[in-house]
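Sequential numbering from 1 applies to the sequence shown in full-length UniProt numbering.
Virtual Cβ for every residue (Gly too), placed ideally from N, Cα, C.
Quantities reported herein were computed from a predicted structural model and do not represent experimental measurements.
Inspection log for the structure reproduced underneath, given as structure tokens.
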Amino acid sequence: MERRQRTLFECDAFLAAVYVDVRYRLLLDEGDIRQAERAFTSVVHRERQLRRGMERPSENRTGQQTDGAKGSKDGSGSSEDELERDLDALQQQHQQKAEEQQPSLIKDLEKVSKLPRTKCKTAYDGIADGFPAQLQPAAWTLTALPVTQVSVERLFSALKYIVSDARSSMKPDLVEAVLLLRTNW
1 MERRQRTLFE CDAFLAAVYV DVRYRLLLDE GDIRQAERAF TSVVHRERQL RRGMERPSEN
61 RTGQQTDGAK GSKDGSGSSE DELERDLDAL QQQHQQKAEE QQPSLIKDLE KVSKLPRTKC
121 KTAYDGIADG FPAQLQPAAW TLTALPVTQV SVERLFSALK YIVSDARSSM KPDLVEAVLL
181 LRTNW
């Protein structure tokens, strides 16, 4: 049991999930909290990048071609130059937007670190009540991640009783049928 607990507490996703669940954060010591904060911050950044990727600006996507996009007959490649300029401009916009949001993100992460233990029924309720709006999606994602595969472990435990030494010659389809009945009965 202690080995399993050590393994769980070495997992960044597990630490971050415990960290965002304000009901159980007190289980973490100072080192675990720092590691969990780093993991949570990483998830927040990834979630924001994914959301930004889905919210691409619609400018220059209306189907209208610019002069350079029509291509040149002499093959000078001006459309490639314009594409490069557009990509550079888009990257600069993303960097400016990220720099503008950075101070508010830091303040929100500090707010989360100071949240007291609450007695809510679910982690979802604790996040909805105490977390800033921009951090809620990342926190909900963390609490939904299965850090262990308990269901798989249960199946293997049940399999231990089904396929014993006396039943070692059972065919796989029969084992599957018995296991299905046993888990869904």
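Starting from E37 and walking both ways along the alpha helix (DSSP H), at which residues does that stretch end? Your numbering for residue 37 matches position 37 in the sequence shown. Residue range 30 to 54 is occupied by the alpha helix (DSSP H) that includes E37.
Within 10 angstroms of its Cβ, does A16 collect 16 or more other Cβ (buried), or is it exposed? By 1-based counting over the sequence shown, the position of residue 16 is 16. Taking a 10 Å sphere around the C-beta of A16, we find 16 or more other C-beta atoms and assign the residue as buried.
Got a sec, what are the start and stop residues for the alpha helix (DSSP H) W140 sits in? On the sequence shown, residue 140 is found 140 positions in, with the first residue counted as 1. Per DSSP, W140 belongs to the alpha helix (DSSP H) from 136 to 144.
Just mark R25 as buried or exposed, buried being the case when its beta carbon has 16 or more other beta carbons within 10 Å. Position 25 of the sequence shown holds residue 25. Only buried fits R25, as 16 or more other CB atoms lie within 10 angstroms of its CB.
Take A123 and list the residues in its own chain whose beta-carbon comes closer than 6 Å to its own, dropping the five residues that flank it on each side. The residue you call residue 123 lines up with position 123 of the sequence shown. Its chain contains D21, T143 as the residues whose beta carbon lies nearer than 6 Å to that of A123, once the 5 sequence neighbours on both sides are disregarded; these appear in chain order.
Where the alpha helix (DSSP H) through R3 begins and ends: Position 3 of the sequence shown, counted from the first residue, corresponds to residue 3. That run of the alpha helix (DSSP H) goes 2 to 9.
Please check the pair E37 and S113, which I expect to be a contact at CB under 8 Å, by giving their CB distance rounded to whole angstroms. Within the sequence shown, residue 37 is the residue found at index 37, counting from 1. Within the sequence shown, residue 113 is the residue found at index 113, counting from 1. About 7 Å separates the two Cβ atoms, so the contact holds.
With burial defined as no fewer than 16 other Cβ atoms inside 10 Å of the residue's Cβ, what is the status of Y161: buried or exposed? Numbered from its first residue, the sequence shown carries residue 161 at position 161. Around the beta carbon of Y161, fewer than 16 other beta carbons sit within 10 angstroms, so the residue counts as exposed.
Would you please state the rounded distance, in angstroms, between the beta carbons of V43 and A138? I believe it to be under 8 Å. Within the sequence shown, residue 43 is the residue found at index 43, counting from 1. Within the sequence shown, residue 138 is the residue found at index 138, counting from 1. With a beta-carbon spacing of about 5 Å, V43 and A138 fall inside the 8 Å limit used to define contacts.
Span of the alpha helix (DSSP H) holding P116? By one-based count along the sequence shown, residue 116 stands at place 116. Counting along the chain, P116 falls outside any alpha helix (DSSP H), and DSSP gives it neither H nor E.
Report buried or exposed for L135, applying the criterion of at least 16 other Cβ atoms within 10 angstroms of its Cβ. Stepping through the sequence shown from its first residue, residue 135 is reached at position 135. Buried is the call here.
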